[in-house]
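Trainee: Please see the structure below; I have some questions.
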Amino acid sequence: MDEQRAELARIAPDLLGPAAERKIEPKGLPDLPNVQAWPKVVMRLAPFPSGPLHVGNSRMVILNDYYVRRYAGELILVFDDTIGSEDKVLEPDAYDLIPQGLDYLGVKCDRTIYKSDRLELFYKYARDLIQKSLAYVCTCNAETWRKENKAKGIPCACRNTSPEENIRRWEKMLDGTYSAKAAAVRLKTGMDLPDPALRDHVILRVSETEHPRVGSRYRVWPLLEFSWGIDDHELGISHIIRGKDLVKEGKIEELVWNMYSWKHPELIYYGRLKFEDATLSKSKSRREVKIGTYSGWDDPRTWSMQSLAKRGIDPNALKKVMLDLGLSLADISISMKAVYSENRKLKDTEAPRLFFVEFPVWLNLTRVPADVVKAEAPVHPDFPERGFREIPLTRKARKLIVGIQGTDYEHIEEGGIFRMKDFANFTLQKTPTPGALFHSREVERIREAGAPIIQWVPKEAAVPVEMTLVDGKKITGLAEPAISRIPVGTFVQFERVGFGRVFEADPSIRVAFAHK
RNA sequence: GCCCCGGUGGUGUAGUCCGGCCCAGCAUUGGGGACUUUCGCUCCCCCGACCCGGGUUCGAAUCCCGGCCGGGGCACCA
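Put into structure tokens, the structure is as follows:
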């Protein structure tokens with residue numbers, strides 16, 4: 001290699017220079033294509049309001065927001081609230097839940113638009129396309145059309161009817177003569193297209209379903225590919241970043257743009273994203289929230305932005321992970337561990353430390369010097385200036401009892417030495433009424449022995465705490481008294497247990513577990 | 001059946017367009033260690049990858065051809 005390079009330097013030195021100086025693309029996300037062709041980068045978020053934003057949807061939001069900021073562009077929130085279908089149902093609450101999720105992510109939209117306000121616009125274009133014979137009203141049975149026409153690439157009789165006849169049929173769709181399924185508008189994309197998925201796709205159809213915003217004012221609704229074919233142009237969208245589940249729709253959009261000779265927004269797709277440790281199902285979440293098996297839209301099992309906020313997940317942790325995925329078209333499967341790792345880095349320094357014991361085994365302590373009436377533990381080990389939490393050691397009927405984690409009790413052998421963190425060293429007595437014998441106070445003794453240092457709670461002052469786990473299960477445990485002075489909303493660390501956020505203090509303390 | 005898209009360590013990603021700065025970088029996970037009165041944070045170390053086969057070339061993760069494997073579309077859903 002070096003020899004070759006030397007040889008090249010000898011025979012053609014000028015070839016080396018430019019190569020060496022060639023601009024290396026910055027690491028990270030690529031530039032947006034063809035930016036110079038647009039007066040301004042304009043992008044859009046187009047959620048279907050069927051529920052709150054969840055971790056899966058967040059990729060779309062984060063990516064679009066990132067690029068809009070990078071190019072100082074404009075971001076439009078467009079509720080893609082066409083009528084949907086039997087399994088894609090509009091959820092009225094989503095109109096509030098989605099903006100809440102955007103707030104959590106720190107995403108600001110320049111304006112908000114509702115697809116359901118724009119039906120007349122789509123009708124205008126539909127009529128125009130029909131008049132130009134670029135679209136037709138098809139009254140064939142959907143299933144037979146699929147089998148006999150689409151699959152075989154054979155046009156149906158409706159395709160060749162006159163524009164006048166088609167306008168008459170169009171009026172019948174609007175006035176209710178045609179009921180749902182009886183007729184639909186097809187775009188003349190071409191029956192001879194090699195890809196059957198694209199052949200004369202339906203762009204508007206009849207639905208009698210009531211809409212949460214506009215009620216039953218409209219009975220003809222556009223499909224995504226058509227409404228966006230129009231709106232991406234009408235709204236001046238320059239760049240579209242979305243999942244590759246929409247590439248077929250993108251192709252149909254392009255056909256619409258071509259029919260009107262409109263400039264094409266740049267289409268950028270990314271692959272499917274799965275989480276190894278999170279099952280994302282809006283319809284299931286919706287069901288469970290409705291019947292009350294989930295605590296609400298902030299239940300951890302929904303994986304909604306609300307649920308992450310409740311658990312104290314920093315939105316920047318999610319953003320970091322999502323941006324790290326880039327714009328690859330490959331389907332990927334990642335773990336929430338990546339988000340948790342970022343979150344720990346971001347929030348470890350702020351989290352006050354506390355002791356929490358889930359299934360306490362009560363130990364009767366003996367030979368603790370009488371002058372020991374409290375223990376002091378740092379609020380945060382790396383920041384002594386934040387002070388200490390006091391853990392009172394109150395005797396009752398001359399007994400001093402503390403609780404340790406059942407698993408710790410199991411793991412420490414009879415007579416084994418261990419340390420109750422920030423308190424003292426003991427030897428364990430696995431007698432019928434478990435106890436522990438005071439051994440010493442110095443932590444050095446434990447270090448030398450390599451013995452465990454565990455968390456504990458005093459029986460007399462322990463505070464009951466309910467903790468919601470990631471799987472929705474609620475466990476009840478006891479925390480040290482200092483937790484009573486922790487404000488609601490604080491991200492805390494239960495030492496040796498994990499991080500969580502106090503989301504309620506009255507009437508009792510409740511914590512949402514975040515991660516280890 | 002017809003169409004489309006992917007394939008770099010366990011996971012994700014950079015590099016691929018414009019072949020040599022790549023015996024492949026980064027992050028995370030896992031393992032080990034330092035620090036530490038937490039199984040946290042921080043720091044250090046280690047394990048670990050270009051799907052396969054041809055071809056072009058002085059040189060291929062990168063270009064060409066052929067396979068293999070995987071994902072997806074073919075809804076009057078978004």
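Under this note's numbering, the first residue of the first sequence is numbered 1, with each subsequent residue one higher. For glycine and all other residues, C-beta sits at the position ideal for the given N, C-alpha and C.
1) Within this structure, are the beta carbons of L90 and L53 separated by less than 9 angstroms?
2) Mind checking who R169 pairs with in its DSSP beta bridge?
3) Taking the alpha helix (DSSP H) that R239 falls in, what are its first and last residues?
4) Opposite Q519 in the DSSP bridges: which residues?
5) May I ask you to report which of helix, strand or coil DSSP gives P481?
6) Given the structure, does R485 come close to the ligand FAD, in the sense that its CB is under 8 angstroms from one of the ligand's heavy atoms?
7) With H, G and I counted as helix, E and B as strand and the rest as coil, what does DSSP make of A512?
8) Run through the region 95-161 for me and flag every whole alpha helix (DSSP H) of 4 or more residues, listed as ranges in chain order.
9) By the 10 Å Cβ neighbour count, where 16 or more other Cβ atoms means buried, how is P384 classified, buried or exposed?
10) Under the three-state reduction of DSSP, which class applies to P196: helix, strand or coil?
11) I'd like to confirm the pairing. Which residues does DSSP put opposite R389 in its beta bridges?
12) Below 8 angstroms on the Cβ atoms is my guess for R421 versus I454; work out the distance and round it to an integer in Å.
13) Per DSSP, what kind of secondary structure is Q455 in: helix, strand or coil?
14) Just the C-alpha distance for G28 and V55, rounded to the nearest angstrom, thanks.
15) Straight-line CA distance for I24 to P30?
16) Compute the Euclidean distance between the alpha carbons of R146 and E86, then round it to the nearest angstrom.
17) If contacts are defined as beta-carbon pairs under 8 angstroms, then K108 and F48 qualify, I think. What distance do you get, rounded to the angstrom?
18) Where E444 and V492 are concerned, what is the direct C-alpha to C-alpha distance, given to the nearest angstrom?
19) Within its chain, find whatever has a CB closer than 8 angstroms to the CB of Y294; leave out the 5 residues flanking it on each side and keep chain order.
20) Classify D81 as buried or exposed, calling it buried when 16 or more other Cβ atoms lie within 10 Å of its own Cβ.
21) Which first and last residues belong to the alpha helix (DSSP H) in which W303 is found?
22) Looking at the structure shown, is L29 part of a helix, part of a strand, or coil, going by DSSP?
23) In three-state terms, what does DSSP make of G517?
24) Return the chain-ordered list of same chain residues with a C-beta closer than 6 angstroms to the C-beta of G406, the five sequence neighbours on each side being excluded.
25) Quick check: the Cα distance between K474 and R496, rounded to an integer number of angstroms?
26) Does the Cβ-Cβ distance between S341 and W38 come in under 9 angstroms?
27) From V220, H411, E350, pick the residue whose C-alpha is nearest to that of T209; which is it?
28) Using the three-state DSSP reduction, which class does K23 fall into: helix, strand or coil?
29) Less than 8 angstroms between the CB atoms is what I'm expecting for I241 and M43, so what's the real figure, rounded?
30) E249 and L224: beta carbons closer than 9 angstroms?
31) How big is the Cα-Cα spacing for G153 and M191?
32) Thinking C-alpha only, which one of M259, L323, L327, P352 is nearest K339?
33) Measure the C-alpha to C-alpha separation of R419 and F513 and round it to an integer number of angstroms.
34) Quick test of the definition: if touching needs 3 or more C-beta pairs under 8 angstroms, does the region 424-441 touch the region 303-320?
35) Please say whether K124 and M259 have beta carbons closer to each other than 9 angstroms?
36) In whole angstroms, what is the alpha-carbon distance linking F503 and D175?
Mentor: Taking the definition as stated:
1) No.
2) R169 is not bridged to any residue.
3) A small fix is needed here, since residue 239 is His in this sequence, not Arg. Taken as a continuous stretch (DSSP letters only), H239 belongs to no alpha helix (DSSP H), being part of the beta strand (DSSP E) at 239-243.
4) Because the chain here runs from 1 to 516, residue 519 falls outside it and cannot be looked at.
5) Reduced to three states, the DSSP call for P481 is helix.
6) Of ligands this structure carries none, so the ligand FAD is not represented either.
7) strand
8) 119-131
9) exposed
10) helix
11) A377
12) For the record, residue 421 in the displayed sequence is Lys; it is not Arg. Yes, K421 and I454 are in contact; Cβ-Cβ is about 6 angstroms, under 8 angstroms.
13) Of the three classes helix, strand and coil, the one that applies to Q455 here is coil, per DSSP.
14) 21 angstroms
15) Note that I24 has pLDDT 30, beneath the 50 cutoff, so the model's placement of it is unreliable and the number below is only indicative. Their Cα atoms are separated by approximately 12 angstroms.
16) R146 and E86 have their C-alpha atoms roughly 20 angstroms apart.
17) The pair is not a contact, with the Cβ atoms about 21 angstroms apart (cut-off 8 angstroms).
18) 28 angstroms
19) S285, E288, R301, T302, G472
20) buried
21) It is not in any alpha helix (DSSP H) - W303 carries neither H nor E in the DSSP assignment.
22) Reduced to three states, the DSSP call for L29 is coil.
23) Outside the displayed range of the chain (1 to 516) lies residue 517, so it cannot be described from this structure.
24) Cβ neighbours of G406 beyond the five flanking positions: F359, V361.
25) 19 angstroms
26) no
27) Per the C-alpha coordinates, the member of V220, H411, E350 positioned closest to T209 is V220.
28) Low per-residue confidence applies at K23: pLDDT is 29, beneath 50, and the placement is therefore not dependable, though the value from the model is reported in the following sentence. Coil, per DSSP.
29) Contact between I241 and M43 holds, since their C-beta atoms are separated by about 7 angstroms, short of 8 angstroms.
30) yes
31) 5 angstroms
32) A quick correction: the sequence has Val, not Lys, at residue 339. For V339, the nearest C-alpha among the options comes from L323.
33) 26 angstroms
34) no
35) no
36) 52 angstroms
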